[in-house]
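In full-length UniProt numbering, the protein residues as written are 1 to 737.
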């Protein structure tokens with residue numbers, strides 16, 4: 001038996017509703033993904049329409065049939081609404097959907113639903129509904145009111161917009177979403193055509209509505225898009241929104257202009273560069289806020305570079321063409337290359353400095369005096385393009401106590417210290433000797449380098465001060481005048497190395513002069529200050545301390561061997577230890593003996609031991625230390641006095657004279673003979689000698705001497721035997737030639 005039309009038609013409606021209901025449930029489960037929630041609403045509306053219509057065609061009672069129709073009208077205006085919302089969200093344009101715009105978009109569908117349920121009172125949606133039975137199916141033939149036609153115009157309009165967005169997506173994505181979009185359009189078009197046929201072709205003719213039947217085709221098409229072509233996995237909204245966010249948040253400025261050079265888009269970074277709101281730039285000629293040389297679209301490399309707001313930008317332009325190859329605009333991408341340009345300048349500066357230092361080093365090799373060194377440094381630095389001028393001087397000149405400038409370059413005048421700025425308004429600063437020494441010791445606060453940029457006023461040049469140092473000795477400084485406001489850390493490091501190189505050269509030159517020349521300076525210096533713990537222990541007692549010798553000890557700095565007479569040696573040791581002095585009794589008890597004292601910066605002997613100075617005699621008694629010294633130059637003597645005066649207030653230069661033949665050497669043995677010894681051998685030999693190891697009877701045995709050097713007794717014997725063998729070879733096997 002062949003089923004009746006009513007049964008077949010009802011089954012088709014139920015199948016249509018079931019297929020779209022499955023899609024609604026699946027889409028709702030994917031609701032976190034763009035477009036899934038409105039798509040679930042669309043599929044649910046289609047399912048509701050099909051199921052309610054399947055029930056309605058079974059009912060012939062007018063009252064019940066109208067009630068079913070009112071339920072069906074919950075779906076009619078919802079279908080185009082959810083389709084429109086899906087199109088916006090799926091294609092990445094959901095910024096249109098806000099709390100303010102959504103009620104406006106949904107206003108007419110809500111009005112239509114309310115109108116359907118209140119139609120018996122106003123008849124705006126339909127004025128009459130007549131029931132006809134066609135092939136056993138109950139159908140309604142309506143007479144529509146004005147609200148119905150408003151719903152049709154609005155519904156078809158937003159459906160058309162949704163269709164247009166999907167078609168546009170195909171072209172914008174280079175057909176990446178072509179399969180998805182084609183299936184969606186097919187699922188939309190079939191019921192749309194059926195609905196147009198129902199309203200405008202069938203009209204008042206009694207016939208079934210094929211629109212809900214078409215939903216079955218929509219379910220198949222939508223299902224293929226969802227399950228086979230990854231509708232909610234490969235989402236264009238992610239691509240669109242991600243691209244927009246990337247452009248918006250890009251640290252480079254983006255400006256898009258049309259063929260008439262009008263701005264059609266500018267991201268936030270471009271607005272920051274031009275100090276304008278990107279929205280205010282839209283529609284304006286690009287030349288109104290961009291220099292013409294920035295936008296030379298005919299340039300071969302399409303690349304320009306410009307300065308703006310103290311920053312450097314690289315501007316790259318590229319044409320925009322349509323699918324026919326016609327030029328329809330240009331893009332301008334502005335890259336902030338300030339940091340790169342700074343690094344390039346820093347690298348160029350360091351390379352030039354390194355080349356400069358090589359030249360300075362060659363000049364230092366041939367220099368025979370401190371004056372030659374300072375003049376060579378000033379001349380080489382002035383010849384470079386890095387600095388406007390150079391001044392080199394000793395500490396006293398930098399402190400304003402003398403006027404011994406070495407001047408080169410145009411950035412400074414060869415004048416007195418008062419006008420050293422050369423008209424630039426930047427006065428050279430005084431050297432902070434304590435700060436420099438603290439940095440050398442690693443005890444300075446902060447991370448300040450040895451070199452320091454010291455700015456003048458807003459229009460002035462700046463001084464870059466480079467101390468000339470050797471160990472803790474500061475010989476002076478190199479002053480560099482520059483118009484740059486910042487100096488890289490690498491340049492500071494290189495300049496610091498230059499200062500150490502020059503300081504080492506000065507030290508070597510003056511040491512050579514001390515050993516080679518017959519003319520040296522003999523000085524008598526007194527220190528009367530109980531800040532020196534060695535001086536303090538002689539205050540108010542009859543003790544006398546004589547400096548026997550100063551030797552380096554085990555890489556731990558200099559040690560002094562002191563002879564104590566007329567005082568309690570153990571009490572003196574205890575007082576020195578209480579003052580945090582590293583002290584040890586080498587020999588003796590009672591009121592005489594020898595002690596070993598580590599020289600730290602609290603003792604006046606420490607600066608003497610660190611410099612190229614020969615200590616002829618040193619005596620401490622009655623709260624006064626008296627030193628007879630030989631120094632190579634008067635400048636070295638001044639530096640030593642300054643160093644002592646900075647720590648000890650009671651420093652006094654009591655005598656000073658030039659002296660010939662500074663050294664009294666032993667017959668048959670010269671200082672050069674000791675150069676064949678290693679540092680360790682020489683140290684062991686001198687410590688043993690000072691401790692009385694070679695006396696008879698011995699004042700100290702091998703174990704005691706070894707303990708003072710922090711080595712074992714066999715190691716001491718090894719050093720002594722090797723040193724004695726070397727000295728005897730030089731003495732007895734020396735070539736007469």
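Where a beta carbon is used, it is the ideal one built from N, C-alpha and C, also for glycine.
It should be emphasised that the depicted structure is a prediction, and the values quoted were computed from it without experimental measurement.
| query | result |
| --- | --- |
| is_contact[residue 354, chain C] using C-beta, thresh 9 Å | In the structure shown, chain C does not exist; there is a single protein chain. |
| CB contact flag (residue 10, residue 54, <9 Å) | yes |
| Residues near residue 570 by beta carbon distance below 6 Å, same chain, minus five either side | none |
| Neighbourhood of residue 625 by C-beta distance below 6 Å, restricted to the same chain and skipping five residues each side | 527, 535 and 604 |
| Coarse secondary structure for residue 59, derived from DSSP in three states | coil |
| Residue 468, DSSP secondary structure in three states | strand |
| Stretch-stretch touch, CB-based, cutoff 8 Å, three pairs: the stretch 128-141 with the stretch 65-85 | yes |
| Other residues of its chain near residue 566: CB distance less than 7 Å, five sequence neighbours each side excluded | 542, 543, 544 and 591 |
| Spatial neighbours of residue 97 in its chain, beta-carbon cut-off 8 Å, leaving aside the 5 residues before and after | 85, 88, 89 and 105 |
| Residue burial classification, residue 119 (beta-carbon count within 10 angstroms, cutoff 16) | buried |
| Sequence-distant residues of its chain with Cβ nearer than 6 Å to residue 614 (five each side left out) | 630 |
| Same chain only: Cβ atoms within 6 Å of residue 228, ignoring 5 sequence neighbours per side | none |
| C-alpha distance - residue 134 paired with residue 33, whole-angstrom precision | 44 Å |
| contact_flag[the stretch 206-220, the stretch 42-56] where n(CB pairs < 8 Å) is 3 or more | yes |
| One or two residues paired with residue 132 in a DSSP bridge | 139 |
| For residue 549 and residue 618, the rounded distance between their alpha carbons | 9 Å |
| Per-residue burial, residue 705 [other beta carbons within 10 Å of its own, 16 or more giving buried] | buried |
| Supposed contact pair residue 524 and residue 628 - C-beta distance, whole angstroms, cut 8 Å | 5 Å |
| Within 9 Å, strictly: CB atoms of residue 364 and residue 255 | no |
| Buried or exposed (CB count within 10 angstroms, at least 16 for buried), residue 328 | exposed |
| Proximity below 9 Å, CB of residue 377 to CB of residue 502 | yes |
| Contact under 9 Å by Cβ, residue 350 with residue 490 | yes |
| Enclosing beta strand (DSSP E) for residue 394 [first to last residue] | 389-394 |
| When 160, 143 and 184 are compared against residue 204, the one with the closest alpha-carbon | 143 |
| Opening and closing residue of the alpha helix (DSSP H) in which residue 689 lies | 679-690 |
| Distance between residue 475 and residue 403 (C-alpha atoms, nearest Å) | 15 Å |
| Pair within 9 Å by beta-carbon distance, residue 478 and residue 657 | no |
| Spatial distance of residue 252 from residue 290 (CA atoms) | 16 Å |
| Proximal residues to residue 13 (C-beta, below 7 Å), its chain only, five neighbours per side dropped | 50, 53, 54, 212 and 213 |
| Span of the alpha helix (DSSP H), counted from its first residue to its last, around residue 342 | 338-366 |
| Within 9 Å, strictly: CB atoms of residue 187 and residue 162 | no |
| Contact test: residue 577 Cβ vs the ligand SAM heavy atom, cutoff 8 Å | Among the components of this structure there are no ligands whatsoever, and the ligand SAM is therefore not found. |
| Continuous alpha helix (DSSP H) stretch holding residue 707: start and end | 702-708 |
| Run of the beta strand (DSSP E) containing residue 560, from where it starts to where it stops | 558-565 |
| Where residue 179 falls: helix, strand or coil (DSSP) | helix |
| Closest residue to residue 77 among 137, 157 and 56 (Cα-Cα distance) | 157 |
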